[in-house]
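The structure under discussion appears below in the form of structure tokens.
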Amino acid sequence: PEVPPGQDDQFTALMKQPIEEVRSMLAEIDLPSKGLQKALVVRLLRSLTGLPPCKADEKMMLKWAQDQARQQEEQRRQQLLEETREAMRKKDLEEQQRKQQQQQQQQQQQ
Numbered sequence: 006p007e008v009p010p011g012q013d014d015q016f017t018a019l020m021k022q023p024i025e026e027v028r029s030m031l032a033e034i035d036l037p038s039k040g041l042q043k044a045l046v047v048r049l050l051r052s053l054t055g056l057p058p059c060k061a062d063e064k065m066m067l068k069w070a071q072d073q074a075r076q077q078e079e080q081r082r083q084q085l086l087e088e089t090r091e092a093m094r095k096k097d098l099e100e101q102q103r104k105q106q107q108q109q110q111q112q113q114q115q
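Right under this line is the structure:
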């Protein structure tokens with residue numbers, strides 16, 4: 006993996022951290038946390054310094070980004086579906102109430 010220039014001290018310090026700590030840091034900035042510690046540290050440092058993923062991460066990052074986009078789209082679909090169902094329930098309830106009011110009015114007129 007390609008350590009960003011000037012990040013050797015940070016790389017060394019992060020390599021001494023427990024891998025779960027590094028994974029947690031990646032999760033905080035919404036990056037994938039799979040791989041060996043060295044790759045995770047490089048991924049973290051490259052992101053924090055504004056560099057693109059290293060060559061070894063390019064395909065994985067593209068797939069990860071596509072998966073994230075699919076998950077977000079599915080969440081949007083589910084939310085829209087739930088909103089539609091809620092609107093239909095509300096409309097049905099309003100229709101039932103309207104019919105009940107009509108029936109009550111008809112009974113009062115008789």
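Residue numbering for the sequence shown follows the numbering used here, starting at 6 and increasing by one per position. Cβ coordinates follow ideal geometry from the N, Cα and C atoms, glycine included. Please read all numbers here as calculations on a predicted model, not as lab measurements.
With burial defined as no fewer than 16 other Cβ atoms inside 10 Å of the residue's Cβ, what is the status of residue i: buried or exposed?
i: P10; result: exposed
i: G55; result: exposed
i: Q108; result: exposed
i: L67; result: exposed
i: L36; result: buried
i: Q76; result: exposed
i: Q12; result: buried
i: P58; result: buried
Please list, in chain order, all residues of the same chain as residue i whose beta carbon is under 7 angstroms from its beta carbon, the five residues on each side excluded.
i: K21; result: none
i: Q42; result: M20, I24 and V27
Could you pull the start and end residues of the alpha helix (DSSP H) that residue i belongs to?
i: V8; result: Looking at the DSSP string, V8 is not in any alpha helix (DSSP H), and its letter there is neither H nor E.
i: D72; result: K60 to Q114
i: I34; result: Run containing I34: none; DSSP gives neither H nor E here.
i: Q42; result: Q42 to L53
Sorted by chain position, which residues of the same chain lie with C-beta nearer than 6 angstroms to residue i's C-beta, five sequence neighbours on each side aside?
i: Q106; result: none
Given residue i, which residues of its chain have a CB within under 8 angstroms of its CB, disregarding the five upstream and five downstream residues?
i: A70; result: none
i: Q15; result: L50
(Q) Does the structure place the stretch 23 to 32 close enough to the stretch 46 to 59 that three or more beta carbon pairs sit under 8 angstroms? (A) yes
Q: Spell out a yes or no on whether the stretch 61 to 69 and the stretch 77 to 95 are touching, meaning 3 or more CB-CB pairs, one atom from each, closer than 8 angstroms.
A: no
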